[in-house]
Amino acid sequence: MKITFFGAAQTVTGSKYLIEVGGYGLLLDCGLHQGKRSIANQLNANFPIDAKKINAVILSHAHADHCGMLPVLVREGFEGKIYCTAATADITKFILHDSANIQENDALYYNKHLQEGEAPIKPIYTEQDVKKTFSYFEPVAYFRLSGQWTQLTPNIRFKFYDAGHILGSAITLLEITEEGKKKNIIFTGDLGRHFLPILRDPEFVKEPAETLIMECTYGSRIHKPVSDLELELKTIITEAVKNKSKIIVPAFSLGRTQELLYVLHKLKDAKQIPSLPIFIDSPLAQKITRVFSTYVADFDEEFWKDFGEKGDKAFLFDNLVTTSSMKESKSINEKEGPYIVIAGSGMCEGGRILHHLKNNIENTNTIILITGYQAEN
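Numbering (full-length UniProt numbering), first residue to last: 1 to 377.
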């Protein structure tokens, strides 16, 4: 057995881990490199894996740095199955469509502004590549629901545990038999925190393992309790209303936006924050939030305690405004504070958040609230 790391080693993004067993190639995740665009584009342009030698993919979750290169894998000749939970499959379709759209538009813009002697660029992949990728998805239930392993070969099988990171995220336990000996590999993907709202806590894998592949993004950090974060958000919003400030929130469309909506709804219902407009200026986040609403049965006890009667309406409330067109998006900047605008991208390297920052960052009364991981540069 051989394990090769092609990303997310001594860095955070671009997760790709290849396991080779007796001529069988199993790829764990197939993610985009993210960060400074020029560097990320160069890394993504050089796909390091022979796609035709990959027999199957196990996808831990739907964030782009874990799924964003799947269309390249398929275009380069992969014809196996992509195993993931049903929620991950549903969300990944939106993530990949959005990624292809951004890349095609970026290439179009760049090629329109070429300098003499510069070669035109191509998008890393297109909408057509994405559509072809969807035919390879194979949804697999968490073991706690199905009680069944998934058999890849007579000697390789796996099961999913809940990772608690985002909707559909999974820890993979691989059981590989070589020369009559069984070996376990645990691949965590990205791990969630305990006691976060909406999602179930990460499951504890009881089986022993010879190999552990685990993300450690925040391994050296002790996070504040959620109650402290809610109090901090309450204080920021109260001050913003007092000072008529605009609160600009770069947020990932998947995961962070839904967590923010949950907490804002909870604070609003408890009358712990003043009333103010809250804009969700991200068509992708709106689509993903609708997917969340179809999986409410998978949410944790805290969700049902807070919003049991509302169910799939937990992400909707008074004063919440969704925007679709770019015209609607830009019109937000013309409004007086106080208000909150949540927009992508979460790392501020693209998307509608850029024009909100451009129009408001020089105003000392503006609050910019960073809620997630920021890659270097």
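Ideal placement from N, C-alpha and C gives every residue a C-beta, glycine not left out.
Limits of the unbroken beta strand (DSSP E) element including residue i
{"i": "residue 339", "result": "339-343"}
{"i": "residue 363", "result": "Counting along the chain, residue 363 falls outside any beta strand (DSSP E), and DSSP gives it neither H nor E."}
{"i": "residue 203", "result": "Here residue 203 belongs to no beta strand (DSSP E), and DSSP marks it neither H nor E."}
{"i": "residue 184", "result": "181-187"}
{"i": "residue 58", "result": "56-58"}
{"i": "residue 5", "result": "2-5"}
{"i": "residue 175", "result": "170-178"}
{"i": "residue 213", "result": "211-213"}
Outcome for residue i when other beta-carbon atoms lying within 10 angstroms are tallied against a minimum of 16
{"i": "residue 334", "result": "exposed"}
{"i": "residue 217", "result": "exposed"}
{"i": "residue 432", "result": "Any answer about residue 432 is impossible in this case: the structure gives the chain only from 1 up to 377."}
{"i": "residue 22", "result": "exposed"}
{"i": "residue 352", "result": "buried"}
{"i": "residue 263", "result": "buried"}
{"i": "residue 114", "result": "exposed"}
{"i": "residue 434", "result": "Residue 434 cannot be examined here, being either before or after the span of the chain that is shown, 1 to 377."}
{"i": "residue 140", "result": "buried"}
{"i": "residue 256", "result": "buried"}
{"i": "residue 259", "result": "buried"}
{"i": "residue 109", "result": "exposed"}
{"i": "residue 194", "result": "exposed"}
{"i": "residue 240", "result": "buried"}
{"i": "residue 168", "result": "buried"}
{"i": "residue 360", "result": "buried"}
{"i": "residue 146", "result": "exposed"}
{"i": "residue 220", "result": "exposed"}
{"i": "residue 65", "result": "buried"}
{"i": "residue 326", "result": "exposed"}
{"i": "residue 150", "result": "buried"}
{"i": "residue 187", "result": "buried"}
{"i": "residue 245", "result": "buried"}
{"i": "residue 128", "result": "exposed"}
{"i": "residue 323", "result": "buried"}
{"i": "residue 347", "result": "buried"}
First and last residue of the uninterrupted alpha helix (DSSP H) at residue i
{"i": "residue 281", "result": "Looking at the DSSP string, residue 281 is not in any alpha helix (DSSP H); the run it does join, the beta strand (DSSP E), is 278-281."}
{"i": "residue 141", "result": "From DSSP, residue 141 is part of no alpha helix (DSSP H); its letter is neither H nor E."}
{"i": "residue 126", "result": "Run containing residue 126: none; DSSP gives neither H nor E here."}
{"i": "residue 234", "result": "226-243"}
{"i": "residue 71", "result": "70-75"}
{"i": "residue 104", "result": "86-112"}
{"i": "residue 65", "result": "64-67"}
{"i": "residue 305", "result": "301-307"}
Test: residue i CB closer than 8 Å to a CB of chain B
{"i": "residue 86", "result": "This model lacks chain B altogether; it includes just one protein chain."}
Per-residue DSSP class, three states only, for residue i
{"i": "residue 161", "result": "strand"}
{"i": "residue 320", "result": "strand"}
{"i": "residue 334", "result": "helix"}
{"i": "residue 270", "result": "coil"}
{"i": "residue 25", "result": "strand"}
{"i": "residue 17", "result": "strand"}
{"i": "residue 151", "result": "strand"}
{"i": "residue 83", "result": "strand"}
{"i": "residue 116", "result": "coil"}
{"i": "residue 53", "result": "helix"}
{"i": "residue 246", "result": "strand"}
{"i": "residue 288", "result": "helix"}
{"i": "residue 121", "result": "coil"}
{"i": "residue 222", "result": "coil"}
{"i": "residue 367", "result": "strand"}
{"i": "residue 156", "result": "strand"}
{"i": "residue 132", "result": "helix"}
{"i": "residue 295", "result": "coil"}
{"i": "residue 34", "result": "coil"}
{"i": "residue 194", "result": "coil"}
{"i": "residue 39", "result": "helix"}
{"i": "residue 44", "result": "helix"}
{"i": "residue 350", "result": "coil"}
{"i": "residue 257", "result": "helix"}
Rounded Cβ spacing between residue i and residue j (contact assumed at less than 8 Å)
{"i": "residue 315", "j": "residue 289", "result": "5 Å"}
{"i": "residue 95", "j": "residue 254", "result": "7 Å"}
{"i": "residue 137", "j": "residue 107", "result": "No, residue 137 and residue 107 are not in contact; Cβ-Cβ is about 26 Å, not under 8 Å."}
{"i": "residue 14", "j": "residue 43", "result": "7 Å"}
{"i": "residue 6", "j": "residue 49", "result": "6 Å"}
{"i": "residue 171", "j": "residue 185", "result": "About 11 Å; that fails the 8 Å criterion."}
{"i": "residue 281", "j": "residue 329", "result": "5 Å"}
{"i": "residue 191", "j": "residue 215", "result": "6 Å"}
{"i": "residue 261", "j": "residue 98", "result": "Actually they are not in contact, since the Cβ atoms of residue 261 and residue 98 sit about 19 Å apart, beyond 8 Å."}
{"i": "residue 317", "j": "residue 268", "result": "6 Å"}
Counting beta carbon pairs with one atom in the segment 56-68 and one in the segment 79-89, are three or more of them shorter than 8 Å? yes
Counting Cβ pairs closer than 8 Å, one from the segment 191-210 and one from the segment 234-250, do we hit at least three? no
Any chance the segment 339-354 sits against the segment 268-285, with 3 or more Cβ pairs inside 8 Å? yes
With three or more C-beta pairs closer than 8 Å as the rule, is the segment 151-160 touching the segment 32-51? no
Stretch-stretch touch, CB-based, cutoff 8 Å, three pairs: the segment 296-312 with the segment 355-364: no
For the pair the segment 250-268 and the segment 360-376, tell me if three or more CB-CB distances fall below 8 Å. yes
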